[in-house]
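> Per the working numbering: the sequence shown = residues 54 to 191. Right, I'll just put the structure down here and ask away after.
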Amino acid sequence: MSFMRSRTAGAMVTTAIVGLALATSYIHLGLGGLLFTMNGLGYLGLAALFAVAAASRHPLVMRFSWAPRVMLGGYAVITIAGYLVMGPYFTLGWITKGIEVALIGLLTLDVFRVYGSPFGLIRGAWASVFQGGASAAA
54 MSFMRSRTAG AMVTTAIVGL ALATSYIHLG LGGLLFTMNG LGYLGLAALF
104 AVAAASRHPL VMRFSWAPRV MLGGYAVITI AGYLVMGPYF TLGWITKGIE
154 VALIGLLTLD VFRVYGSPFG LIRGAWASVF QGGASAAA
């Protein structure tokens, strides 16, 4: 078994992903305003969902363990795109975007670690939704 597929590596990657999501949540919540507050709460909820999916051994949670990865990655991409379109452009904003890019990178690493490839994630998601079977991560 390679190190990247070990429980230790999984715990390290999961901790880093949750930590980055919590960091960007904290930054957004500290900015005030409805848009930033909602964005911060979204990151907070997705960080919690990711942690539960990584830690739980319940069959239903394991079956849909792909979903928090997809949701958190998509949320980060949409947040970055929204920032680039709307601004306001300031130093803390760019630092936050750097955190979100790192988050996307770690989520990509996690997909390769757990599913072997993005296509493995797609196969696992398809099986969990349409075939009623366990995902590839189970």
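All residues carry an ideal CB built from backbone N, CA and C; glycine is no exception.
Please classify Phe183: does DSSP put it in a helix, a strand, or coil?
Of the three classes helix, strand and coil, the one that applies to Phe183 here is helix, per DSSP.
> Output needed for Ile157: all residues of its chain with C-beta closer than 7 Å, excluding positions within five of it in sequence on either side, in chain order.
Gly126, Ala129 and Val130, listed in sequence order.
> Run the CB neighbour count on Phe103, radius 10 Å, all protein chains shown included, and call it buried at 16 or more, exposed below.
Flag for Phe103 reads buried.
> Report buried or exposed for Pro121, applying the criterion of at least 16 other Cβ atoms within 10 angstroms of its Cβ.
Buried is the call here.
> In this structure, does DSSP put Phe103 in helix, strand or coil?
In the structure shown, Phe103 sits in a helix (DSSP, three-state: H, G or I).
> By Cβ distance below 8 Å, which residues in the same chain neighbour Met124 in space, the five residues on each side in sequence not counted?
If we look at Met124 and ignore the five residues flanking it on each side, its Cβ neighbours are Leu99 and Leu102.
> Can you find the residues in the same chain that come closer than 6 Å, C-beta to C-beta, to Thr67, ignoring five residues on each side of it along the sequence?
For Thr67, where only same-chain residues beyond five positions count, the Cβ hits under 6 Å are Ala107.
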